[in-house]
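K.L.:
I have a structure here, written as structure tokens, and I will follow up with some questions on it.
Protein chains: 2
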Amino acid sequence: MTRREEIVDVAERLLERAGPGAVTMRRLADELGIQAPSLYKHVAGKSEIEAALQQRALQRLAAALEAAPDLPSLAAAYRAWALRHPRLYEIATRLPLARERLAPGVEAAAAAPLLRVTGGDLTAARALWGLAHGLVDLELAGRFPPGADLDAVWAHAMAERVAAEPGPGATG
Amino acid sequence: MTRREEIVDVAERLLERAGPGAVTMRRLADELGIQAPSLYKHVAGKSEIEAALQQRALQRLAAALEAAPDLPSLAAAYRAWALRHPRLYEIATRLPLARERLAPGVEAAAAAPLLRVTGGDLTAARALWGLAHGLVDLELAGRFPPGADLDAVWAHAMAERVAAEPGPGATG
DNA sequence: CGTCTAAGCTAACAGCGTTAGCCAGGAGAG
DNA sequence: CTCTCCTGGCTAACGCTGTTAGCTTAGACG
Chain A
104 MTRREEIVDV AERLLERAGP GAVTMRRLAD ELGIQAPSLY KHVAGKSEIE
154 AALQQRALQR LAAALEAAPD LPSLAAAYRA WALRHPRLYE IATRLPLARE
204 RLAPGVEAAA AAPLLRVTGG DLTAARALWG LAHGLVDLEL AGRFPPGADL
254 DAVWAHAMAE RVAAEPGPGA TG
Chain B
104 MTRREEIVDV AERLLERAGP GAVTMRRLAD ELGIQAPSLY KHVAGKSEIE
154 AALQQRALQR LAAALEAAPD LPSLAAAYRA WALRHPRLYE IATRLPLARE
204 RLAPGVEAAA AAPLLRVTGG DLTAARALWG LAHGLVDLEL AGRFPPGADL
254 DAVWAHAMAE RVAAEPGPGA TG
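Residue numbers (the working numbering), protein chains in the order written: chain A, 104 to 275; chain B, 104 to 275.
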């Protein structure tokens, strides 16, 4: 394991344990037993660490969605992963996608599960992503009134999509 | 106009012109011709300014949606406003909602247009909000691949909703 | 044995939000 | 008129942030 990977590991642990505000260069260095400026021997700057975290988060999310066989279970898996890893989810979606720093294939791999359940329809997959992301993002930001029945909201939203979807074994 | 309102005005202008990174206490004070610590005579801290901006953004967004007669035009108005005021939109939705600082009725007023086009169905309104917010948020964050046909995505998403909606004059 | 590089170090800079404490000017009371 | 008190400025400073410059040490390699 390179020192760079080690840094990103520590950053990820720090992010999940103590929130984005805790991921500072000095704190990171502390955890590694070195001084903050020494980090720059391995990393160009903080934004590079963030980009690495973003890539990692995308891969984790994609992995969590891989097994979902159909739309409802995909939706459930998406929401469950985001709620279990809110900081990683935020960094995965809130940061502008640093495509030039992203390993090739990562973006496509993250999109694959969504594309699968829409039968390869790119437009439908994007609409589905928007829906899932929006619901999760608002929930994480505490924007729905306390007590709002979000299970019902997800069920409602997905039922509409299933109803509109032609699907391989179309009803009727 | 109180000095406090003046501060929030400057903050809003600064936010829209130069982005969230430019809204600093010192820069704010500069624009007003005073020193940064003097701001604290009128405002408890930066977070109070942000909360005021958030409230303002919610009101602006609500106003922009007010005139929309039906779901498609509401969707169009939502997206158009967000794209025209990306910083305000971000501060309106990304920040955890500071309900205790929000003037009463603001949250309800912002929700009203959505509720209207879902015929008062709270669950449907929330699902719709999630959809619209998700699409806008991903677009603003540059998450869709360059060249993606987002008009088509919106059309697709809204068509599904209209199809599923019972509506007053349901299609025979 | 000498040299070069990798990876650490300290000191420092500019900027951030924020606090403490001081001071001028104006309003209101006696 | 004068005294007092409050408002709204000010400067200096603290601790934090990311980052740079420049020095040093340890190890690898010819």
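Cβ coordinates follow ideal geometry from the N, Cα and C atoms, glycine included.
Quick check on DSSP: helix, strand or coil for B/ASP133?
P.N.:
DSSP places B/ASP133 in helix when its eight states are reduced to three.
K.L.:
Please confirm whether B/VAL113 has its beta-carbon closer than 9 Å to some beta-carbon of chain A.
P.N.:
Not one chain A Cβ lies under 9 Å of B/VAL113.
K.L.:
Does chain A have any CB closer than 9 Å to the CB of B/ARG219?
P.N.:
So, not an interface residue.
K.L.:
Given a threshold of 16 other Cβ atoms within 10 Å of its Cβ, counted over all protein chains shown, does B/ALA185 qualify as buried or as exposed?
P.N.:
It is buried - the Cβ of B/ALA185 has at least 16 other Cβ atoms within 10 Å.
K.L.:
Rank A/PRO248, A/GLU119 and A/ALA132 by C-alpha distance to the C-alpha of B/VAL209 and give the top, closest one.
P.N.:
Nearest option by C-alpha distance: A/PRO248.
K.L.:
What whole-angstrom Cβ distance do A/LEU231 and A/ARG264 have, given they're in contact under 8 Å?
P.N.:
Their Cβ separation, rounded to whole angstroms, is 7 Å, which keeps A/LEU231 and A/ARG264 in contact under 8 Å.
K.L.:
Cβ of A/ALA235 less than 9 Å from any chain B Cβ?
P.N.:
By this cut-off, A/ALA235 is an interface position.
K.L.:
Comparing alpha-carbon positions, which option in B/ALA171, B/VAL126, B/GLN162 and B/ARG219 lies nearest B/THR196?
P.N.:
Closest option to B/THR196, Cα to Cα, is B/GLN162.
K.L.:
Going along the region 181-206 of chain A in order, which residues come within less than 8 Å of chain B, judged by CB to CB distance?
P.N.:
Listed by position along the chain: THR196, ARG197, LEU198, PRO199 and LEU200.
K.L.:
Go to A/ARG116, then tell me how far its alpha helix (DSSP H) extends in each direction, as first and last residue.
P.N.:
From DSSP, the alpha helix (DSSP H) with A/ARG116 extends over 106-121.
K.L.:
Does the beta carbon of B/GLY148 come closer than 9 Å to any beta carbon on chain A?
P.N.:
Taking Cβ atoms only, chain A never reaches closer than 9 Å to B/GLY148, which makes this a no.
K.L.:
If contact means a Cβ-Cβ distance below 7 Å, which residues of the region 115-142 of chain A contact chain B?
P.N.:
Listed by position along the chain: nothing, the set is empty.
K.L.:
Under 8 Å Cβ-Cβ, which residues of chain A neighbour B/VAL256?
P.N.:
Per Cβ cutoff of 8 Å: THR226, ARG229, ALA230 and GLY233.
K.L.:
What does B/ALA244 reach in chain A if we use C-beta pairs closer than 9 Å?
P.N.:
The answer, in chain order, is THR196, ARG197, LEU198, PRO199 and LEU200.
K.L.:
Specify the secondary structure class of B/GLY245 as computed by DSSP and reduced to three states.
P.N.:
In this structure, B/GLY245 counts as coil in the three-state DSSP scheme.
K.L.:
Below 6 Å CB to CB, which residues in the same chain sit around B/VAL256 once its five sequence neighbours on both sides are set aside?
P.N.:
None.
K.L.:
According to DSSP, is A/ALA167 part of a helix, a strand, or is it coil?
P.N.:
In this structure, A/ALA167 counts as helix in the three-state DSSP scheme.
K.L.:
Which residues, in chain order, does the region 163-177 of chain A contribute to contact with chain B at a C-beta distance below 8 Å?
P.N.:
So nothing in the stretch comes that close.
K.L.:
Is the region 141-152 of chain A touching the region 104-113 of chain A in the sense that three or more CB pairs, one from each, lie closer than 8 Å?
P.N.:
Because the criterion of three Cβ pairs below 8 Å is met, the region 104-113 of chain A and the region 141-152 of chain A touch.
K.L.:
Can you check whether the C-beta of A/ARG159 is within less than 9 Å of a C-beta belonging to chain B?
P.N.:
By this cut-off, A/ARG159 is not an interface position.
K.L.:
Does A/ALA260 have its Cβ less than 9 Å from a Cβ in chain B?
P.N.:
True, the Cβ-Cβ gap to chain B drops below 9 Å.
K.L.:
With respect to the alpha helix (DSSP H) encompassing A/THR221, which residues constitute its N-terminal and C-terminal limits?
P.N.:
Note, A/THR221: premise wrong, no alpha helix (DSSP H); not H, not E.
K.L.:
Who are the neighbours of B/ALA251 on chain A, taking C-beta pairs under 7 Å?
P.N.:
Here the neighbours are ARG229.
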